[in-house]
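Below: the structure, in structure tokens.
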Amino acid sequence: MKRLAMPLLALILLLLPLVLPNMYYYDLVIRMTINAVIVLGLNLLIGFAGQISLGHAGFFGIGAYASAVLPTHFGWHPVAALLAGAVATALLAALVAKPIFRLHGHYLAMATLGLGIIIAIVIRNETGYTGGPDGMAVPPLAIFGHEISGEREWYWVFAANLLLSVWFCRNLMDSPFGRALRALHGSEVAAQVVGVDLARYKMAIFVFSAFFASIMGSLTAHYVGFITPNVADFFHSIELVTMVVVGGMASVFGSVVGAVLLTALPQALAAFDGWETVAFGAILMLFMIFLPRGLVPTLAARFGRGE
Amino acid sequence: MALLEVKGLSKAFGGVLAVQDVGFAVEAGLVYSVIGPNGAGKTTLFNLITGIYQPTGGEISLDGCSIVGQPPHRLAGMGVARTFQNLQICMNMSARENVMVGAHLSLDRNLVKAMIRWPTLRRSDNALSDRAGELMCYVGLDSYLASPASAMPYGALKRLEIARALAARPKLLFLDEPAAGLNPKETAEIDALIRRIADQGVTVVLVEHDMKMVMNISDRILVLDYGKKLAEGSAAEVRANPAVVAAYLGAHHA
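Protein chains in written order, with our numbering: chain C, 2 to 308; chain S, 201 to 454.
Following this line, the structure appears as structure tokens:
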């Protein structure tokens, strides 16, 4: 199962375009893959390392706005803007990680929540650059002179991106670095006495995960072509954490499944006409009651072998 | 020069003096035991030496270098390993991975190399996985090689902690009540295991309640009572010390 999972995902991504009937579905699948990659990065932090971030949409927002603002107002090349956004996000994450990771549990949640809200406020208020609440247009992304455009082209970009990210995450967790992270989740004191520098590892994975989110923010901004401060919103952060929890903590494929399900669910519930938020909430509650460990780990445990 | 030297070590928790002016030295290659009634400060002493707590006063040196104020992850790099009285096992990992994490400092911890399955990193990790399996067999966990840690019974987890500590190839190994909660047969097995570890040249410092075991395997014994050093010596000397008998059995027996 474990060995088959990667080829299976590749096969699905390869065959999907054959069955997608129109651009609406292309767009839906692209959003799923975008969320899946962010959730993968977030799951490294939450599921594997046992820390929490309620401010990840903020990092996503920095990436998105770097790719919108730098080329529009300063004439940067989009690729340079993407990298600058990611590096700036990583630096910001590293800067705040030091004081933040002295905190545990609820306090850590509050600190990251505050950070995300501050980023969203800055984006909303810097109207001169960001257009404020009205949002702004994002110039297209051109690589080697080719401008990526249309859902069909973007699909392959995001599909490759997802596959690569899954591979990265699985490798990472099955390495000395990943084991140290999981160990500090299992027992901080045990990790410490075998030589794991807790502060350094927590900071490293927080920065890494923020970096992931920022790059996805940039790519998403180019794909959508128009962004508003809502991308950095608190609700977006919560949505991402929910995907981690529903899919399964510390499960690479749980991240993908969680992102796919929760991206599709609001669309599927559109028929409820005004009550979809209620139905969404009810479904989440049922998940937490009956599958508290998340979808993939629970199923894997039930059918014997698993991740 | 002794491998570990402790001088005038004290620790106060608020007004309670858990450890008061304790001093002793552990020669390399010995099995050194710390005994004393419940609450005598044995585990606190361990936590002070292994950097979990900071002492209120006193000096600790390893190989002649002061280690006071060093965080536990630094001490690990200096060859100090330990187990815990109340198990500290990572239940989110397999038994084998728990042992592998013990060798953390000897590995390539590079994040980027890990992400792209760098060949040398994979090879060393596979070799480590084999060594972890050997260590598990060494401590008698042959039947749990493929188990998740969460599926193992208490006695096996006690051994798993020892295997994890050994994975670091320590020169100084602290065992905090390795036989607590075990039945007599298991205790005898742990007893033999500690002897084997010591015979390999690892210096063992032991906190233990099982007197039979302590008297059997210790080269030297330190007796603590109410945080103070009551006596120190060989098993025979300690057994004959009236103050020790008094502390354990009450003064009127002495």
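For glycine and all other residues, C-beta sits at the position ideal for the given N, C-alpha and C.
Note that the structure is predicted; figures quoted are calculated from it, not measured.
Fill in: beta strand (DSSP E) segment containing Q220 of chain S, residue limits
V216 to V226
Item to complete: Please decide whether R282 of chain S counts as near chain C, where near means a Cβ-Cβ distance under 9 Å.
Response: yes
Worksheet item: Is any beta-carbon of chain C found at less than 9 Å from that of T250 of chain S?
Response: yes
Practice prompt. Quick one: grab the DSSP three-state call for V339 of chain S.
Written response: coil
Worksheet entry | Against chain S: residues of the region 141-174 of chain C by CB proximity under 7 Å | F169, N172 and L173
Discussion item. With H, G and I counted as helix, E and B as strand and the rest as coil, what does DSSP make of A112 of chain C?
Written reply: helix
Fill in: Alpha-carbon to alpha-carbon, S215 of chain C and S149 of chain S
Limits of chain S in this structure are 201 at one end and 454 at the other, which puts residue 149 of chain S out of reach.
Discussion item. Between the alpha carbons of A184 of chain C and A443 of chain S, how many angstroms are there, rounded?
Written reply: 44 Å
Worksheet entry | Minimum Cβ-Cβ distance from G179 of chain C to chain S less than 9 Å | yes
Practice prompt. Can you check the region 328-412 of chain S for any alpha helix (DSSP H) of at least 4 residues that lies completely inside it and give the ranges in chain order?
Written response: 354-367 and 384-399
Practice prompt. Determine the closest residue to V225 of chain C out of C:N126, C:Y202, C:A65 and C:A94, with distance taken between C-alpha atoms.
Written response: C:A65
Worksheet item: Quick one: which chain S residues come within Cβ less than 8 Å of V38 of chain C?
Response: The premise fails here: V38 of chain C is roughly 14 Å from chain S at the closest Cβ pair, so nothing lies under 8 Å.
Worksheet item: Which residues bound the beta strand (DSSP E) around V101 of chain C?
Response: Correcting the residue type first, residue 101 of chain C is Ile in the shown sequence and not Val. I101 of chain C -> not in any beta strand (DSSP E); alpha helix (DSSP H) instead, spanning P79 to I101.
Worksheet item: Three-state secondary structure (DSSP) at I149 of chain C?
Response: coil
Item to complete: Specify the secondary structure class of V280 of chain S as computed by DSSP and reduced to three states.
Response: strand
Fill in: 3-residue-minimum beta strand (DSSP E) runs that sit fully inside the region 221-305 of chain S, ordered along the chain
231-235, 257-262 and 280-282
Discussion item. Tell me the residue span of the alpha helix (DSSP H) that contains G42 of chain C.
Written reply: M24 to N44
Worksheet entry | Members of the region 181-206 of chain C that neighbour chain S once the beta carbon cut-off is set at 8 Å | A181, R183, A184, H186, G187, S188, V190, A191, A192, Q193, V194, V195, G196, V197, D198, L199 and A205
Worksheet entry | Length of the line joining the Cα atoms of N231 of chain C and G136 of chain C | 9 Å
Discussion item. Taking the straight line between their C-alpha atoms, what separation do you get for T403 of chain S and V280 of chain S?
Written reply: 10 Å
Worksheet item: Between the Cα of H57 of chain C and the Cα atoms of C:L71, C:I39 and C:I206, which residue gives the shortest distance?
Response: C:I39
Worksheet item: Does DSSP put F213 of chain S in a helix, in a strand, or in coil?
Response: strand
Worksheet item: Does any C-beta atom of chain C lie closer than 9 Å to the C-beta of E437 of chain S?
Response: no
Fill in: Three-state class that DSSP yields for I53 of chain C in the structure shown
coil
Item to complete: Output yes if chain S places a C-beta closer than 9 Å to the C-beta of S176 of chain C; else output no.
Response: yes
Fill in: Residues near Y27 of chain C in its chain [Cβ-Cβ closer than 7 Å; skip 5 each side]
L21, E152, R153 and Y156
Worksheet item: Is it true that the region 367-387 of chain S meets the region 284-299 of chain S, where meeting means three or more beta-carbon pairs spaced less than 8 Å apart?
Response: yes
Worksheet item: From what residue to what residue does the beta strand (DSSP E) around E180 of chain S run?
Response: Lying before the first or after the last residue shown, residue 180 of chain S is absent from chain S, which here runs from 201 to 454.
Worksheet item: beta strand (DSSP E) containing F424 of chain S: first to last residue?
Response: First, the amino acid is wrong: residue 424 of chain S is Leu here, not Phe. First-last of the beta strand (DSSP E) with L424 of chain S: R420 to D425.
Worksheet item: Measuring CB to CB, does D410 of chain S end up less than 9 Å from A379 of chain S?
Response: yes
Worksheet item: Nearest CA to the CA of N238 of chain S: which residue from S:Y426, S:A431 and S:A436?
Response: S:Y426
Worksheet item: Quick one: does M293 of chain S have its CB under 9 Å from some CB of chain C?
Response: yes
Discussion item. So for F209 of chain C, helix, strand or coil by DSSP?
Written reply: helix
Practice prompt. Taking only the alpha-carbon atoms, compute the straight-line gap between A89 of chain C and A11 of chain C and give it to the nearest angstrom.
Written response: 32 Å
Item to complete: Compute the beta-carbon to beta-carbon distance between N44 of chain C and V245 of chain C, rounded to the nearest angstrom, for a pair I have assumed lies under 8 Å.
Response: 5 Å
Worksheet entry | Secondary structure of V206 of chain S, DSSP reduced to three states | strand
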